[in-house]
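K.L.:
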Amino acid sequence: MAVLAERRPLGDNAKAWALNAPAMIVIALLVAYPIAYSFWVSLQKNNLKRPRAKEFIGFANYQALLSDHAFLSALKVSALFVVVVLGLTVVLALILALVLNEQFRGRGLLLSLALLPWAMPGVVNGLMWRTIFDAKTGALNGLLTQLGLIDEYHAWLTSGTGAFLFTALAQVWNTLPFSVIILLAGLSTIPSELYDAATVDRAGAVQRFVQVTLPWLLHPLLIVLILETMNAFRAFDTIYVLTGGGPGDATTTIALLDVQTVLTFTDFGLGSAYAWVITAITLLISVGYIGLLYRKGNFEV
Amino acid sequence: MSTLVKVPLRYRIPWKKIVLYVLAVAFALYLVLPFYWIVAMSFMHEVDAISVPPHWIPVHPTLENYLGFLHPNEAQQLVGGRAIDETPYSLRNSLIVATSTAILNLVLATFAAYSFSRLKFRGSQVLLMLYLLTRMVPGIAIIIPFYLLMRTFGLLDTYLALILSYTTFALPITIWILKDFFRSVPRELEEAARVDRCGWFRTMWSVFLPVAAPGLVAAAVFAFMTAWNEFMFALFLTSTKAAKTIPVVAANFATDFNTQFTVMASAGVLAVVPPLVLALLFQRKLVQGMAAGSVKG
Chain A
2 MAVLAERRPL
12 GDNAKAWALN
22 APAMIVIALL
32 VAYPIAYSFW
42 VSLQKNNLKR
52 PRAKEFIGFA
62 NYQALLSDHA
72 FLSALKVSAL
82 FVVVVLGLTV
92 VLALILALVL
102 NEQFRGRGLL
112 LSLALLPWAM
122 PGVVNGLMWR
132 TIFDAKTGAL
142 NGLLTQLGLI
152 DEYHAWLTSG
162 TGAFLFTALA
172 QVWNTLPFSV
182 IILLAGLSTI
192 PSELYDAATV
202 DRAGAVQRFV
212 QVTLPWLLHP
222 LLIVLILETM
232 NAFRAFDTIY
242 VLTGGGPGDA
252 TTTIALLDVQ
262 TVLTFTDFGL
272 GSAYAWVITA
282 ITLLISVGYI
292 GLLYRKGNFE
302 V
Chain B
7 MSTLVKVPLR
17 YRIPWKKIVL
27 YVLAVAFALY
37 LVLPFYWIVA
47 MSFMHEVDAI
57 SVPPHWIPVH
67 PTLENYLGFL
77 HPNEAQQLVG
87 GRAIDETPYS
97 LRNSLIVATS
107 TAILNLVLAT
117 FAAYSFSRLK
127 FRGSQVLLML
137 YLLTRMVPGI
147 AIIIPFYLLM
157 RTFGLLDTYL
167 ALILSYTTFA
177 LPITIWILKD
187 FFRSVPRELE
197 EAARVDRCGW
207 FRTMWSVFLP
217 VAAPGLVAAA
227 VFAFMTAWNE
237 FMFALFLTST
247 KAAKTIPVVA
257 ANFATDFNTQ
267 FTVMASAGVL
277 AVVPPLVLAL
287 LFQRKLVQGM
297 AAGSVKG
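Going line by line, the protein sequences match chains A and B.
Numbering follows my numbering, in which position 203 of the first sequence is assigned residue number 204; successive positions increment by one, without gaps.
Numbering follows my numbering, in which position 91 of the second sequence is assigned residue number 97; successive positions increment by one, without gaps.
#1: Alpha carbon to alpha carbon, what distance is there between Ala271 of chain B and Met47 of chain B?
#2: Taking Cβ to Cβ, would you say Ser39 of chain A is nearer than 8 Å to Ile44 of chain B?
#3: Which word fits Pro192 of chain A, buried or exposed, when buried means at least 16 other C-beta atoms lie within 10 angstroms of its C-beta?
#4: Kindly say whether Gln289 of chain B, judged by its beta-carbon, lies nearer than 8 Å to any beta-carbon of chain A.
#5: For the stretch 215-228 of chain B, enumerate the residues whose C-beta is nearer than 9 Å to any C-beta of chain A, in chain order.
#6: Going along chain B, which residues have a C-beta under 7 Å from Gln172 of chain A?
#7: Name the one or two DSSP bridge partners that Asn48 of chain A has.
#8: From the DSSP output, in three-state form, read off Glu194 of chain B for me.
#9: Using the three-state DSSP reduction, which class does Phe57 of chain A fall into: helix, strand or coil?
#10: Below 8 Å CB to CB, which residues in the same chain sit around Lys291 of chain B once its five sequence neighbours on both sides are set aside?
#11: Sorted by chain position, which residues of the same chain lie with C-beta nearer than 6 Å to Asn71 of chain B's C-beta, five sequence neighbours on each side aside?
#12: For the alpha helix (DSSP H) containing Thr132 of chain A, name the first residue and the last one.
#13: Give me the Cα-Cα distance between Ser245 of chain B and Phe159 of chain B, rounded to the nearest whole angstrom.
#14: According to DSSP, is Phe82 of chain A part of a helix, a strand, or is it coil?
#15: Using 8 Å as the threshold, is the stretch 220-229 of chain A in touch with the stretch 196-210 of chain B, meaning 3 or more CB pairs across them?
#16: Quick one: measure Cβ to Cβ for Ala251 of chain A and Gly161 of chain A, integer angstroms, because I've assumed they're closer than 8 Å.
#17: What's the call for Thr159 of chain A, buried or exposed, on a 16-neighbour Cβ count within 10 Å?
#18: Short of 9 Å Cβ to Cβ, which residues in the stretch 131-153 of chain A face chain B?
#19: What does Gly274 of chain B touch in chain A if you count any residue whose Cβ is under 7 Å from its own?
#20: Does the beta-carbon of Gly74 of chain B have 16 or more other beta-carbons within 10 angstroms, so that it is buried, or is it exposed?
#21: Where does Thr239 of chain A sit, in a helix, a strand or coil, going by DSSP?
#22: Starting from the beta carbon of Ile279 of chain A, find every residue of chain B whose beta carbon is closer than 7 Å, and list them in chain order.
#23: Please return the same chain residues whose Cβ sits closer than 7 Å to the Cβ of Leu116 of chain A, not counting the five positions on each side in sequence.
#24: Any chance the stretch 113-125 of chain B sits against the stretch 240-257 of chain B, with 3 or more Cβ pairs inside 8 Å?
#25: Pull up the distance between the alpha-carbon of Trp157 of chain A and that of Asn175 of chain A, whole angstroms please.
#26: In the structure shown, what three-state DSSP assignment does His220 of chain A receive?
#27: Would you mind giving the Cβ-Cβ distance between Val78 of chain A and Thr253 of chain A, rounded to the nearest angstrom? I have them listed as a contact below 8 Å.
#28: With a threshold of 6 Å on Cβ separation, who are the neighbours of Val86 of chain A within its own chain once the five nearest residues in sequence on each side are excluded?
#29: Residues in the stretch 94-124 of chain A with C-beta within 7 Å of chain B's C-beta atoms, listed in sequence order?
#30: Out of curiosity, what's the CA-to-CA distance linking Ala33 of chain A and Thr190 of chain A?
#31: Output, in chain order, the set of chain B residues within a Cβ distance shorter than 8 Å of Arg235 of chain A.
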């Protein structure tokens with residue numbers, strides 16, 4: 002018996018690593034190697050159209066970023082985009098989750114509807130909102146005119162600020178469901194006794210929300226904040242289709258700039274440097290995320 | 007018996023109910039109207055779709071936009087002819103790529119997830135964290151090396167390049183979802199099988215996996231949707247109708263200046279239908295998986 006008990010953990014160890022080997026090989030080959038290689042490329046002058054001019058230039062690409070107007074502008078646009086999208090998403094998702102947490106007729110239907118934007122590919126989301134925001138024939142113009150809110154059709158996407166805000170709105174629609182589901186799951190874990198107790202204490206709805214709901218929702222809210230920050234920071238599909246980064250560079254986020262640099266100008270060196278900045282920022286955020294999961298004990302194995 | 011009529015002492019306006027229903031209706035409209043608009047447009051003639059004021063309901067419903075993907079008429083060939091021609095191929099490509107990704111993922115993830123749910127081993131926490139961390143790596147950071155790698159192996163514009171990249175995207179999520187589902191499978195089942203002297207593979211295949219089937223399906227659906235919706239890698243890695251996926255072709259419609267809105271809307275609707283149907287069919291499992299893993303990044 003004693004021998005068996007001693008032997009089993011060892012066997013488990015070997016078996017576990019063998020079971021993980023296929024996934025680990027795939028990830029090492031297709032994620033770890035590329036990401037290391039991309040760092041190597043970011044240290045080069047490397048343009049696909051000028052293969053002979055390829056050379057190692059150390060951190061020159063990164064140094065160039067500091068005075069690169071396109072990059073600095075894109076960084077600013079991305080940061081603003083994160084703030085606007087995140088703010089709207091959290092507020093709307095919280096309200097929708099609170100609604101879905103109640104019992105009422107049609108709740109199931111509303112929950113199904115909430116999955117619709119989640120299932121929609123970002124590209125389709127972009128072209129859908131393009132037809133809606135269109136200056137000459139768009140549904141938004143039509144609706145607002147018929148409601149008497151505007152007198153004539155507006156070109157929503159031609160001003161920089163307008164394009165930015167409407168792109169953010171389109172992005173929010175697409176990412177909302179994910180936050181709703183996480184928050185809803187959080188809400189459903191709140192013991193109803195707490196509400197009963199608060200009601201007995203004659204706490205109003207607002208008080209109940211602040212004193213019972215919010216503290217319980219802190220953890221899911223943090224998860225939503227972190228994951229949606231990451232999402233908004235990398236947002237690409239919807240923006241690419243809706244505005245293509247324009248007008249000017251009003252909606253050119255860092256991800257968009259990177260793709261343009263690589264795809265249009267085939268500047269792989271600079272593009273990799275951009276990508277590494279994005280990676281560094283994302284990794285910082287995700288370290289926070291994983292730390293959070295760890296502390297909350299969601300991470301036990 | 008006299009009818010018992012409950013007379014409230016004081017009539018109170020049910021504010022909570024009113025607010026709840028107003029919000030519910032507002033959200034329902036917000037969620038469904040944008041999508042309704044492209045669905046409605048996809049059944050309109052172009053003239054009706056771009057009319058001012060807009061027609062909210064197709065006045066002369068037509069299937070010409072959808073049929074155009076098979077046999078484009080002259081007007082359709084003139085505007086956005088290439089994208090129209092590529093649409094049916096891209097749907098086929100997306101279907102093949104997404105299905106293959108789902109299957110490959112399931113195989114790789116099942117092994118890994120089983121180890122996390124059943125075996126105690128050194129480094130398991132670190133490994134699980136590493137899987138999660140790879141999910142956090144932005145696609146844009148690996149796209150250049152990935153492109154060069156695929157070019158070296160002559161895999162540009164092939165299914166394989168897409169399947170491999172999407173597998174790396176979906177694998178961490180799939181492992182996380184499956185490990186949670188696997189934990190809920192009672193251990194006694196496997197122990198009983200072991201008593202019956204079933205080998206490990208036999209136990210897995212005929213006892214464990216059938217019980218874990220719902221989790222496997224949910225994980226497969228996740229992987230399918232990830233692959234179906236992905237755009238950036240497809241944009242880099244594909245160039246012809248041999249491998250272009252539906253998001254790439256749909257984006258072509260949008261970036262083409264003289265595209266007909268109705269055709270664009272129809273392509274959009276076609277691109278949404280498969281993931282939407284899956285999401286609705288597996289609603290409960292997906293919601294569970296999403297909430298449990300919180301890992302769709």
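Using N, Cα and C, we set each Cβ at its ideal position, and we do this for glycine too.
These numbers were taken from a predicted model, which means no experiment stands behind them.
P.N.:
Once the coordinates are examined:
#1: 6 Å
#2: no
#3: exposed
#4: yes
#5: none
#6: Those do not exist, as Gln172 of chain A stays about 13 Å from chain B at its closest Cβ, beyond 7 Å.
#7: A:Asp268
#8: helix
#9: In the structure shown, Phe57 of chain A adopts extended strand secondary structure according to DSSP, grouped into three states.
#10: Pro220, Gly221, Val223, Ala224, Val227
#11: Ser48, Thr268, Val269, Ser272
#12: 123-134
#13: 16 Å
#14: helix
#15: no
#16: 3 Å
#17: exposed
#18: Arg131, Thr132, Ile133, Asp135, Lys137, Thr138, Gly139, Ala140, Asn142, Gly143, Leu144, Thr146, Gln147
#19: Val125, Leu128, Met129
#20: buried
#21: helix
#22: Pro144, Ile146, Ala147
#23: Pro178
#24: no
#25: 19 Å
#26: Three-state DSSP puts His220 of chain A in a helix.
#27: 6 Å
#28: Ala169, Gln172, Val173, Ala233
#29: Ile96, Leu97, Val100, Glu103, Phe105, Gly107, Leu111, Ser113, Leu114, Ala115, Leu116, Leu117, Pro118, Trp119, Ala120, Met121, Pro122, Gly123, Val124
#30: Ala33 of chain A and Thr190 of chain A have their alpha carbons spaced roughly 37 Å apart.
#31: Pro144, Gly145, Ile146
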